[in-house]
Amino acid sequence: MNIKMQEKILVIMNTVLENRTKEKLTSITPEMHLRNDIGFDSLDLAELTVRIEAEFDIDIFEDGIVNTVGEIFEKLERK
Amino acid sequence: MNIFFKDIENKRIVTWDFLIEDIINTSIYNPYCKSADYYNVFKQIILSLLLDEEIILLDSDFTESELINLIGYTDYSKFNNPINKSKVSILGNKKELIANLSNSPKYWKITLFTSGTTGIPKKVSHDFNSITRFVKVTERHKENIWGFAYNPTHMAGIQVFFQALLNGNSIIRLFGLDTKDIYAEITNNGITHISATPTFYRLLLPCNETFPSVERITSGGEKFNEKTFKQLNQVFPNAKITNVYASTEAGTLFASQNDIFSVQPEYENLIHFNNNELLIHKSLVGKTETNIDEWYNTGDIIEIVSKKPLKFRFVNRKSEMINVGGYKVNPHEVEEAILTLSGIKNVRVYPKQNSVLGNIICCEVVANCNQITESTIRKFLQSKIQEFKIPRIIHFVEEISTTRTGKLKRN
Numbered sequence: 642m643n644i645k646m647q648e649k650i651l652v653i654m655n656t657v658l659e660n661r662t663k664e665k666l667t668s669i670t671p672e673m674h675l676r677n678d679i680g681f682d683s684l685d686l687a688e689l690t691v692r693i694e695a696e697f698d699i700d701i702f703e704d705g706i707v708n709t710v711g712e713i714f715e716k717l718e719r720k
Numbered sequence: 005m006n007i008f009f010k011d012i013e014n015k016r017i018v019t020w021d022f023l024i025e026d027i028i029n030t031s032i033y034n035p036y037c038k039s040a041d042y043y044n045v046f047k048q049i050i051l052s053l054l055l056d057e058e059i060i061l062l063d064s065d066f067t068e069s070e071l072i073n074l075i076g077y078t079d080y081s082k083f084n085n086p087i088n089k090s091k092v093s094i095l096g097n098k099k100e101l102i103a104n105l106s107n108s109p110k111y112w113k114i115t116l117f118t119s120g121t122t123g124i125p126k127k128v129s130h131d132f133n134s135i136t137r138f139v140k141v142t143e144r145h146k147e148n149i150w151g152f153a154y155n156p157t158h159m160a161g162i163q164v165f166f167q168a169l170l171n172g173n174s175i176i177r178l179f180g181l182d183t184k185d186i187y188a189e190i191t192n193n194g195i196t197h198i199s200a201t202p203t204f205y206r207l208l209l210p211c212n213e214t215f216p217s218v219e220r221i222t223s224g225g226e227k228f229n230e231k232t233f234k235q236l237n238q239v240f241p242n243a244k245i246t247n248v249y250a251s252t253e254a255g256t257l258f259a260s261q262n263d264i265f266s267v268q269p270e271y272e273n274l275i276h277f278n279n280n281e282l283l284i285h286k287s288l289v290g291k292t293e294t295n296i297d298e299w300y301n302t303g304d305i306i307e308i309v310s311k312k313p314l315k316f317r318f319v320n321r322k323s324e325m326i327n328v329g330g331y332k333v334n335p336h337e338v339e340e341a342i343l344t345l346s347g348i349k350n351v352r353v354y355p356k357q358n359s360v361l362g363n364i365i366c367c368e369v370v371a372n373c374n375q376i377t378e379s380t381i382r383k384f385l386q387s388k389i390q391e392f393k394i395p396r397i398i399h400f401v402e403e404i405s406t407t408r409t410g411k412l413k414r415n
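Chains A and B are the protein sequences, given in the same order. End of the first sequence sits at 720 in my numbering; the numbers just go up one at a time, nothing left out. End of the second sequence sits at 415 in my numbering; the numbers just go up one at a time, nothing left out.
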């Protein structure tokens, strides 16, 4: 996963967090859990998938729910 | 199991004995119930039944402006009334409590709010018979353990609550927990029954383990897709999976093993079709503020599969209501809330299909000042409407796209 893509994902995640007045992230790592570590709920996950799709043209939840940041990276790399 | 309710999120385990003692020791009753603690909501419903008085359920996340719109005030403490102790002091044990509850209360009604079609949510009230119409109390149901996966102030949650309560079952909270906690609760408590929206199940998947204790999975509120259905079958190998059709106005009406619904013979005369729209007889509908005619238009479009016996499947909805993970959102209500922000000239709220929630709310906004950003609108709305009604994607446009007839276009 190239650094630029990772940074874009971080920006998208922070937009979602900021919109819910939740605390922003300074960095992300592949093992971070979207719900348990980052604190996304189902509304946030729904928004995240739309924003990632607008940027990368891929629906990350199309084949079931992904749980970690690393799984999002995998989906984008496989594209 | 002698547990009435377990909620690991709030670190609560309530036994039936504790519940009875707690009810006996409660001295004040207020018909308005707005609490984020599920146990409080359940206790309040039980109290209202024993007292044979109305209960009005308010979502715990209703904002002050929503409360003003719905009930006219935000402070309802003046409705606090001392409890007539003679009505609750006779409770000895779980069996007596349940017998007392089922003793058809005369004046009791439960009032809840549903997204109306005109902008403001509307009030719907049910009496004891209508709320328990589909509750099955039998020996076979006595040992059920329910995974509670709905908001307790919504119709679906209330129906699960009554099914569990009147059979003396244990209720284990699953709603709002992390996936790993949900699975842990299913195993630790030997949950046998779960009723939830497809979104709830979707968020549990994929999963490589199996949970053999679960005998029944019920889903409703949105369409279930084949893939989710297959995955659920693997995770819950002993569960029978049922789809239900239900609404706040009428509660559960039909159930099916797939997407084809059949009608019980006793209800055949109480449903009717007009241009393929499902109409239900007023005797099946709770009381609403606006009087309904003989037949209530559900707004659901069906396709008849066979006439005798009557079988049909749901095709789509005629109404503009947007289904967000099982919650109905009225686009007009959201538009009205956005328009109260100064600097907004025009707005259009519309759904976008989404793999997590079925649909998400989006909007187009015409703003007449540069200070308005996505984040100012979102923050403003947090004090106006419930979180699930707030648009997740906001586009700023020069002009709103309208249909040829001049109506705002939603799709």
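Glycine included, C-beta positions come from ideal geometry on N, C-alpha and C.
In the displayed model, S260 of chain B falls within a strand according to three-state DSSP. Scanning B:N350, B:V218, B:D185 and B:G362 for the CA closest to the CA of K10 of chain B turns up B:D185.
If only complete runs of 3 or more residues are kept, the stretch 45-105 of chain B shows the beta strand (DSSP E) at 59-61, in order along the chain.
In the three-state scheme derived from DSSP, where H, G and I count as helix and E and B as strand, Y271 of chain B is classed as helix. By the neighbour-count criterion, in which a residue is buried when 16 or more other Cβ atoms sit within 10 angstroms of its Cβ, Q268 of chain B is exposed. Within the stretch 132-215 of chain B, the complete alpha helix (DSSP H) runs of at least 4 residues fall at 132-135, 159-170, 183-193 and 202-208.
For T203 of chain B, the nearest CB of chain A lies under 8 angstroms from its own CB, placing it at the interface with that chain. At a cut-off of 8 angstroms between C-beta atoms, N327 of chain B does not count as an interface residue with respect to chain A. The Cβ of S69 of chain B sits no closer than 8 angstroms to any Cβ of chain A. Membership of K716 of chain A in the alpha helix (DSSP H) is indicated by the continuous run V710 to R719.
Counting every other CB atom within 10 Å of its CB across the protein chains shown gives G96 of chain B a total below 16, marking it as exposed.
Considering only beta carbons, the part of the stretch 697-711 of chain A lying closer than 7 angstroms to chain B consists of D700, F702, E703, G705 and I706, in chain order.
If the five residues before and after R382 of chain B are omitted, its C-beta is found closer than 7 angstroms to the C-beta atoms of I394, all from its own chain and listed in chain order. Leaving aside the five residues that flank K649 of chain A on each side, the residues in its chain whose CB is nearer than 7 angstroms to its CB run, in chain order, E696.
Counted as a single uninterrupted DSSP element, the beta strand (DSSP E) harbouring T302 of chain B occupies residues W299 to S310. When C-beta distances to chain A are compared with 9 angstroms, the residues of the stretch 163-183 of chain B below that value are G180, D182 and T183, in chain order. Residue pairing by DSSP puts Q357 of chain B in a beta bridge opposite B:N363. In its chain, beyond the 5 residues on either side, E13 have a beta carbon closer than 7 angstroms to the beta carbon of G180 of chain B. Excluding sequence positions up to five before and after V353 of chain B, its CB lies within less than 7 angstroms of the CB of P335, V338, E339, I365, C367 and P395, all in the same chain and listed in chain order. Residues of chain A whose Cβ lies closer than 7 angstroms to the Cβ of R137 of chain B do not exist; the shortest such Cβ separation is about 31 angstroms.
Judged by DSSP in its simplified three-state form, D11 of chain B adopts strand.
W150 of chain B is positioned such that its CB atom lies no closer than 8 angstroms to that of V141 of chain B. For the stretch 348-363 of chain B, the set of positions with a beta-carbon nearer than 8 angstroms to some beta-carbon of chain A reads K356, N358, S359, V360 and L361 in chain order. For S387 of chain B, no CB of chain A lies under 8 angstroms from its own CB, so it is not counted at the interface with that chain. V360 of chain B is positioned such that its CB atom lies closer than 8 angstroms to that of A687 of chain A. Nearest CB-CB separation between F392 of chain B and chain A: below the 8 angstroms threshold. T670 of chain A has a beta carbon lying at 8 angstroms or more from every beta carbon in chain B. Within the same chain, N363 come within 7 angstroms of Q357 of chain B by CB-CB distance, once the 5 residues on both sides are set aside. Contacts with chain B (Cβ-Cβ distance below 7 angstroms) from the stretch 683-696 of chain A involve S683, L684, L686, A687, E688, T690 and V691, listed in chain order. The three-state reading of DSSP puts R692 of chain A in helix, counting H, G and I together. Along the stretch 372-383 of chain B, going in chain order, the ones with a CB nearer than 8 angstroms to a CB of chain A are E378, S379, R382 and K383. Taking C-beta separations shorter than 8 angstroms and ignoring five residues to either side along the sequence, the partners of T191 of chain B in its chain run F215 and S217, following chain order. In this structure, the CA atom of Q235 of chain B is about 50 angstroms from the CA atom of N85 of chain B. Relative to the Cα of S64 of chain B, the nearest Cα in the group B:G76, B:I50, B:N44 and B:S93 belongs to B:N44. The criterion of a C-beta distance shorter than 8 angstroms is satisfied by A200 of chain B and A153 of chain B.
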